[in-house]
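Under the numbering used here, think of the first position of the sequence shown as -12, with each following residue one higher.
Note that the Cβ used here is the ideal one computed from N, Cα and C, for glycine as well.
Working notes, structure below.
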Amino acid sequence: MEPEATTAASENENESTRLDFVRQIVEEHNRSGRFGGRVWTRFPPEPNGYLHIGHAKSIVLNFGLADEYGGGTNLRFDDTNPIKEEQEYIDSIIEDVRWLGFEWEELRFASDYFDQLYQWAVKLITNGKAYVDHLSADEIREYRGTLTEPGRESPYRSRSVEENLALFERMKNGEFKDGECVLRAKIDMSSPNLNLRDPVMYRILHAEHPRTGSKWRIYPMYDWAHGQSDSIEGITHSICTLEFEDHRPLYDWFIDQLGIHHPQQIEFARLNLTYTILSKRKLIRLVREQFVRGWNDPRMPTLSGLRRRGIPAKAIRDLCDMVGVSKSNSIVELQMLEYCARQELNKTAPRVMAVLRPLKVVLTNYPEDQVEEFEAMINPEDPDAGMRKVPFSRVLYIEQDDFMEDPPNKFYRLAPGREVRLRAAYFIKCEEVIKDADGSIIELRCTYDPTTRGGDAPDGRKVKATLHWVSAAHALEAEVRLYDNLLTTAYPSEMDEDKDFIDYLNPDSLEVIERAYIEPTVKGAAPETRYQFERLGYYTVDSDSTPEKLVFNRTVTLKDEWAKVQKAGAAK
Ligand code: ATP
Ligand code: MG
-12 MEPEATTAAS ENENESTRLD FVRQIVEEHN RSGRFGGRVW TRFPPEPNGY
38 LHIGHAKSIV LNFGLADEYG GGTNLRFDDT NPIKEEQEYI DSIIEDVRWL
88 GFEWEELRFA SDYFDQLYQW AVKLITNGKA YVDHLSADEI REYRGTLTEP
138 GRESPYRSRS VEENLALFER MKNGEFKDGE CVLRAKIDMS SPNLNLRDPV
188 MYRILHAEHP RTGSKWRIYP MYDWAHGQSD SIEGITHSIC TLEFEDHRPL
238 YDWFIDQLGI HHPQQIEFAR LNLTYTILSK RKLIRLVREQ FVRGWNDPRM
288 PTLSGLRRRG IPAKAIRDLC DMVGVSKSNS IVELQMLEYC ARQELNKTAP
338 RVMAVLRPLK VVLTNYPEDQ VEEFEAMINP EDPDAGMRKV PFSRVLYIEQ
388 DDFMEDPPNK FYRLAPGREV RLRAAYFIKC EEVIKDADGS IIELRCTYDP
438 TTRGGDAPDG RKVKATLHWV SAAHALEAEV RLYDNLLTTA YPSEMDEDKD
488 FIDYLNPDSL EVIERAYIEP TVKGAAPETR YQFERLGYYT VDSDSTPEKL
538 VFNRTVTLKD EWAKVQKAGA AK
């Protein structure tokens, strides 16, 4: 860090120096005319799992960039490994990119280019730049050498062009078994960059491909497929994560050998979040071994899980903007995502009253058959949302937490002999506590003051607390699912290598409340409808809901932990 990089100095910087480094590169290309002002990006997921919030960062960057510079973005499936890829994943990725709020110019598949890639491989062989190698995978690894030791050349490296062409054709025709031979680029076995030590271009896989069926028995490796696919599509800026930095010389080498359109590969830091696994390999295990209820379990960091949990797409986009684009890896506090969710939900979520752990309250002086309706704002942050009507009657539920028989100092809510306000309704006073044979509190007998209708006392007397409530006769029963972090450790990268990550799963990541009570406004709400349960948090209707019983997911509580984290950070 430069110590002289003060706030004052950065405020004086002009517009272009405030751009992130990717945008600076793009602006430089636009100035120099390298791509004639064209900005075309791609988002290239491998369909071997569902998209997660790390992918969102790449999506927001790729689509956002192209949009800002009047270009476009392709969605390209990197479907080069038929063993791990499935149509289910393709469908979910399409749905999730759209849900996040982006639309591609063209939908492509790397497999669309298998013929072209094959022809280009033949060209490299013809030019003496590729050869068929019969070393085993282990031998290839051994011959490759290490960072401190140069590699050794394969004994098959000096085969003639004719022999290589014939063998490669036989590879294509399926005449060899899996692993029997590979096609390698002929570059430099003593290169300091291991990626340039004759990388494998094709391997043999006798596997059915979801799109090309059994046509191909050889499949291109990532490095061979990726840059060439970018080139074919006229991609200008091929943005990937930092671990591909060392692959860039290879990316460039292939394209230079072929003399085709040359995109610029740019690497940026991946998104990491505390308490969050962002490795598809691990996420697949959670699903397959049923530690969660599927890819879209609300505890999963997948886009479909976050959606089901109730996190708005806007909050995810905002998080990506806040985190920004950089060259150095870092870990973002999960609370920052929750902060973004709260910001958005506060503006958009209708308010309702819900009681999660009910305590019965009987208003002994309220007429038996009387029902009143109180008006409350649907959303005080959005006056246009209008008003809702909340029924009130003699028997109510309040939250168990809002009553204490023997309250300590600073507990200002309901207690014997004490008066509180019921939100938008009346002042009530606790007169008597009813217990069962075990001594558990089962009911409060209270009185209400009719002169406080609407929530204020004409004599000006004050109460210290306002509680939420529901009318027992009118409330809907609902199941409510409360979630906690899936992991017990904030820093997944620091998990003990000798341990299975499963050992770090939080056994209490899900708590189910079988019977909560919610004001009737929510009746018939569709899955993914989001509410603020007043004083509690944001809750979203789950797809497990039935016409008889709604199921809600807690999206986030109201408590802003992020502000605390920021303060703690500033104090350091
Ligand atoms: P995994 O290693 O878990 O399988 P991946 O990175 O291989 O993930 P891809 O489907 O290849 O997954 O990713 C598609 C794009 O999303 C790539 O360009 C990749 O760099 C990017 N991406 C994946 N994870 C992250 C992340 N955590 N932050 C930013 N970008 C990411
Ligand atoms: Mg990948």
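Assuming residue i and residue j make a contact with CB atoms under 8 angstroms, what is their CB distance in whole Å?
| i | j | result |
| --- | --- | --- |
| residue 465 | residue 513 | Not quite, the Cβ-Cβ distance comes to about 14 angstroms (not below 8 angstroms), so this is no contact. |
| residue 272 | residue 279 | Not really, about 10 angstroms apart at Cβ, beyond 8 angstroms. |
| residue 116 | residue 277 | That pair is no contact at about 48 angstroms. |
| residue 231 | residue 215 | The Cβ separation is near 15 angstroms, so there is no contact. |
| residue 217 | residue 375 | Rounded, the Cβ-Cβ distance is 52 angstroms, inconsistent with contact. |
| residue 48 | residue 312 | 6 angstroms |
DSSP on residue i, reduced to helix/strand/coil?
| i | result |
| --- | --- |
| residue 264 | coil |
| residue 492 | strand |
| residue 122 | coil |
| residue 287 | coil |
| residue 307 | helix |
| residue 473 | coil |
| residue 560 | Since the first residue shown for the chain is -12 and the last is 559, residue 560 is missing from the structure and cannot be characterised. |
| residue -5 | Residue placement at residue -5 cannot be trusted, given a pLDDT of 40 that sits under 50; the coordinates are not used to answer. |
| residue 560 | Not covered by the structure: residue 560. The range shown for the chain is -12 to 559. |
| residue 127 | helix |
| residue 154 | helix |
| residue 555 | helix |
| residue 135 | coil |
| residue 37 | coil |
| residue 280 | coil |
| residue -10 | Low per-residue confidence applies at residue -10: pLDDT is 40, beneath 50, and the placement is therefore not dependable, though the value from the model is reported in the following sentence. Residue state, collapsed to three classes: coil. |
| residue 258 | coil |
| residue 274 | helix |
| residue 312 | coil |
| residue 550 | helix |
| residue 365 | coil |
| residue 372 | helix |
| residue 0 | Bear in mind that the predicted position of residue 0 carries a pLDDT of just 48, short of 50, making it too unreliable to give a figure here. |
| residue 301 | helix |
| residue 5 | helix |
| residue 533 | coil |
For residue i, write down the residues that DSSP places opposite it in a beta bridge.
| i | result |
| --- | --- |
| residue 59 | 27 |
| residue 428 | 422 |
| residue 524 | 520, 544 |
| residue 343 | Answer by DSSP bridge pairing: none, since residue 343 is not bridged. |
| residue 225 | 252 |
| residue 560 | Only positions -12 to 559 of the chain appear in the structure, and residue 560 is not among them; the question remains open. |
| residue 539 | 467, 528 |
| residue 499 | 468 |
| residue 170 | 119, 189 |
| residue 433 | 350, 417 |
| residue 453 | 408 |
| residue 338 | 519 |
| residue 383 | 348, 458 |
| residue 319 | 260 |
Residue ranges of each alpha helix (DSSP H) within the stretch 172 to 220, 4 or longer:
Correct list: 209 to 219.
Meets three-Cβ-pair contact criterion under 8 angstroms: the stretch 197 to 210 and the stretch 84 to 103:
Because the criterion of three Cβ pairs below 8 angstroms is met, the stretch 197 to 210 and the stretch 84 to 103 touch.
If you scan the stretch 385 to 420 from start to end, which runs of the beta strand (DSSP E) of 3 or more residues do you find wholly inside it?
Correct list: 406 to 409.
Does the structure place the stretch 442 to 457 close enough to the stretch 489 to 499 that three or more beta carbon pairs sit under 8 angstroms?
By the Cβ criterion, the stretch 489 to 499 is not in contact with the stretch 442 to 457, since fewer than three pairs of Cβ atoms, one from each stretch, lie closer than 8 angstroms.
Cβ pair count under 8 angstroms reaching 3, the stretch 223 to 240 against the stretch 248 to 265
Between the stretch 223 to 240 and the stretch 248 to 265 there are three or more C-beta pairs closer than 8 angstroms, enough to call the two in contact.
Touching by the beta-carbon criterion (3+ pairs, under 8 angstroms), the stretch 495 to 510 and the stretch 457 to 471:
With a cut-off of 8 angstroms, the stretch 457 to 471 and the stretch 495 to 510 count as touching, because enough Cβ pairs lie within range.
What ranges does the alpha helix (DSSP H) occupy inside the stretch 227 to 252, keeping only unbroken runs of at least 4 residues that lie completely in it?
At a cut-off of 4 residues, the continuous stretches assigned as alpha helix (DSSP H) that sit fully inside the stretch 227 to 252 are 235 to 245.
Meets three-Cβ-pair contact criterion under 8 angstroms: the stretch 407 to 423 and the stretch 338 to 352:
Judged by Cβ distances under 8 angstroms, the stretch 407 to 423 makes contact with the stretch 338 to 352, as three or more pairs qualify.
With contact counted as at least three CB pairs below 8 angstroms, one residue from each stretch, are the stretch 60 to 69 and the stretch 191 to 204 in contact?
Yes: at least three Cβ pairs fall under 8 angstroms.
At a cut of 8 angstroms, does the stretch 161 to 173 reach the stretch 109 to 125 through at least three beta carbon pairs?
Touching, yes, given that three or more Cβ pairs across the two stretches are closer than 8 angstroms.
Could you tell me whether the stretch 75 to 86 touches the stretch 283 to 302, using the rule of 3 or more Cβ pairs below 8 angstroms?
Output reads yes: the stretch 283 to 302 touches the stretch 75 to 86.
Give a yes or no on contact between the stretch 533 to 545 and the stretch 465 to 476, applying the rule of three or more CB pairs nearer than 8 angstroms.
With a cut-off of 8 angstroms, the stretch 465 to 476 and the stretch 533 to 545 count as touching, because enough Cβ pairs lie within range.
List, from N- to C-terminal side, the beta strand (DSSP E) runs of 3 residues or more that fit wholly inside the stretch 41 to 117.
If one requires a minimum length of 3 residues, the beta strand (DSSP E) runs lying completely within the stretch 41 to 117 are 59 to 64, 93 to 96, in chain order.
Within 8 angstroms, do at least three Cβ pairs link the stretch 318 to 331 to the stretch 259 to 269?
Contact between the stretch 259 to 269 and the stretch 318 to 331 is present, because at least three Cβ pairs lie under 8 angstroms.
Is the stretch 298 to 307 in contact with the stretch 420 to 431, if contact means three or more CB pairs nearer than 8 angstroms?
No contact exists between the stretch 298 to 307 and the stretch 420 to 431.
Pairs of beta-carbons, one from the stretch 86 to 97 and one from the stretch 123 to 133, closer than 8 angstroms: are there three or more?
Verdict: no, contact absent.
Do the stretch 173 to 187 and the stretch 50 to 64 touch if we need at least three Cβ pairs shorter than 8 angstroms?
No contact exists between the stretch 173 to 187 and the stretch 50 to 64.
Are three or more beta carbon pairs between the stretch 520 to 530 and the stretch 540 to 547 nearer than 8 angstroms?
Yes, since at least three Cβ pairs between the stretch 520 to 530 and the stretch 540 to 547 fall closer than 8 angstroms, the two stretches touch.
Three or more beta-carbon pairs under 8 angstroms between the stretch 9 to 24 and the stretch 43 to 57, yes or no?
Contact between the stretch 9 to 24 and the stretch 43 to 57 is present: 3 or more CB-CB pairs across the two stretches fall below 8 angstroms.
With a cut-off of 8 angstroms, do at least 3 Cβ pairs link the stretch 379 to 397 to the stretch 337 to 346?
Yes, the stretch 379 to 397 touches the stretch 337 to 346.
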